[in-house]
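Data first, discussion second: the structure below is written as structure tokens.
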Ligand SMILES: NC(=O)c1ccc[n+]([C@@H]2O[C@H](COP(=O)([O-])OP(=O)(O)OC[C@H]3O[C@@H](n4cnc5c(N)ncnc54)[C@H](O)[C@@H]3O)[C@@H](O)[C@H]2O)c1
């Protein structure tokens, strides 16, 4: 190596961030070019490649955004494992039946995502019924409307148990499954996807611990993206805005109680005041983005939290 290139390598080396310095300085090989050409060739189709025959687990998919994602991914070609808590087993069965009518395979794995053993069982069920796992969507979440000074420790623990520990349980057990299967490749990465929110970018009043939990999801997917890239696994999250669902019915009722507004007006007013596109979102708006994140078109996207809010937060 001549002195100019040595100086360049040293300068680049010095600019490398703290975590990156833990990797040895990389020197390109001729195989790298070949790999890039192979990936380019695999990408040469101008339409979105089908997800035919792949399998996905979607937590909290008996209703709302999870259900819309399940139906959309089934239309994209995925076989789908539907999950929710036992109280929503009826909803799970109906979604699974709808997917089978679309000509895809579907199974139901009732599990509480806060319990790691149940998450392991859920993954086992999915693999047994649908074959190797390709994609995990940690969608299940809860909300609570509460003033920051009225929050109890139990409120805070419960929120983090579902929205953060639940996501961590699903992402980590799915990642272990993907790695043990050995089927993730640069041109076919395994996909970890989680639900964040606009409040993961800017907290909402009366949603303090919910907002904090959705910030945590952003941090988690960034860490997963960095640590699992070498295993050919990507990690991303979606950040919806104001989406018509059972969750917003709960927010409507609680905010209406505190403000004196009519419950039916809360969401409409918020969407009107805050959203550039000036409407309340529907679960299918979110499912379209998740369809991209779960598809081969997003293979080079990792560590991102993608907003789908009709123009509330601009990044
Ligand atoms: N609705 C919105 O406006 C909105 C906005 C931003 C983000 N989100 C996020 O999107 C995701 C889906 O929200 P939604 O609006 O469809 O809500 P929803 O309440 O309609 O659905 C959430 C589902 O998760 C399930 N769930 C809750 N705890 C669980 C657990 N421990 N184990 C397994 N399943 C569990 C629920 O039973 C429910 O079926 C959530 O993570 C939510 O925080 C929603």
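In the working numbering, the protein residues as written are 107 to 421. Cβ coordinates follow ideal geometry from the N, Cα and C atoms, glycine included.
For residue i, the nearest candidate out of the options (CA to CA)
i	options	result
residue 272	251, 300, 254 and 139	300
residue 390	261, 340, 145 and 167	167
residue 291	175, 406, 414 and 172	406
residue 311	269, 361 and 154	361
residue 159	179, 175, 153 and 149	179
residue 397	209, 242, 145 and 254	242
residue 373	345, 153, 246 and 350	350
residue 187	234, 347, 269 and 136	234
residue 306	359, 222 and 319	319
residue 268	244, 259, 358 and 340	244
residue 297	402, 190, 185 and 215	402
residue 347	393, 367, 339 and 363	393
residue 169	189, 151, 289 and 162	189
residue 331	203, 408 and 366	408
residue 258	281, 283 and 314	314
residue 265	253, 279, 248 and 133	248
residue 309	202, 333 and 254	254
residue 352	172, 339 and 163	172
residue 238	163, 214 and 359	163
residue 303	387, 379 and 236	387
residue 321	256, 399 and 345	345
residue 420	256, 380, 203 and 151	380
residue 183	240, 333 and 368	240
residue 340	404, 218 and 260	404
Where residue i sits in the DSSP three-state scheme
i	result
residue 296	strand
residue 410	coil
residue 422	Outside the displayed span of the chain (107 to 421) sits residue 422, for which this structure offers no information.
residue 49	Coverage of the chain is limited to positions 107 through 421, which leaves residue 49 absent and any answer about it impossible.
residue 301	strand
residue 191	coil
residue 185	strand
residue 248	coil
residue 162	strand
residue 104	The shown model of the chain, from 107 to 421, leaves out residue 104, and the question about it has no answer.
residue 219	coil
residue 212	strand
residue 318	helix
residue 400	coil
residue 421	coil
residue 116	Confidence is the limiting factor: at residue 116 the pLDDT is only 48, short of 50, which leaves the residue's position unreliable, though a coordinate-based value still follows. DSSP places residue 116 in helix when its eight states are reduced to three.
residue 179	helix
residue 308	coil
residue 405	coil
residue 154	coil
residue 227	helix
residue 111	Any reading at residue 111 must be qualified, since the residue scores a pLDDT of 48, below 50, and its modelled position is unreliable; no value is offered.
residue 206	helix
residue 415	coil
residue 237	coil
residue 169	coil
residue 121	Any reading at residue 121 is ruled out, since the residue's pLDDT is 48, under 50, leaving its predicted position unreliable.
8 Å contact criterion, which residue i and residue j should meet: CB distance rounded
i	j	result
residue 434	residue 417	This structure cannot settle anything about residue 434, because the visible part of the chain is limited to 107 through 421.
residue 342	residue 327	6 Å
residue 205	residue 176	7 Å
residue 192	residue 216	5 Å
residue 185	residue 210	5 Å
residue 174	residue 208	Their Cβ separation, rounded to whole angstroms, is 14 Å, which puts residue 174 and residue 208 out of contact at 8 Å.
residue 280	residue 229	6 Å
residue 236	residue 161	4 Å
residue 293	residue 137	Actually they do not touch by this definition, with Cβ atoms about 15 Å apart.
residue 400	residue 150	So it is not a contact: roughly 21 Å between Cβ atoms.
The segment 399 to 414 touching the segment 189 to 209, judged by at least three CB pairs closer than 8 Å: No, the segment 399 to 414 is not in contact with the segment 189 to 209.
Would you check if there are 3 or more beta carbon pairs closer than 8 Å linking the segment 266 to 282 to the segment 219 to 239? Result yes; three or more Cβ-Cβ pairs closer than 8 Å.
Could you tell me which uninterrupted alpha helix (DSSP H) segments, each at least 4 residues in length, are contained entirely in the segment 324 to 394, listed from first to last along the chain? 352 to 365 and 369 to 380
What runs of the alpha helix (DSSP H), each 4 residues or longer, lie entirely inside the segment 247 to 291? 259 to 266 and 272 to 287
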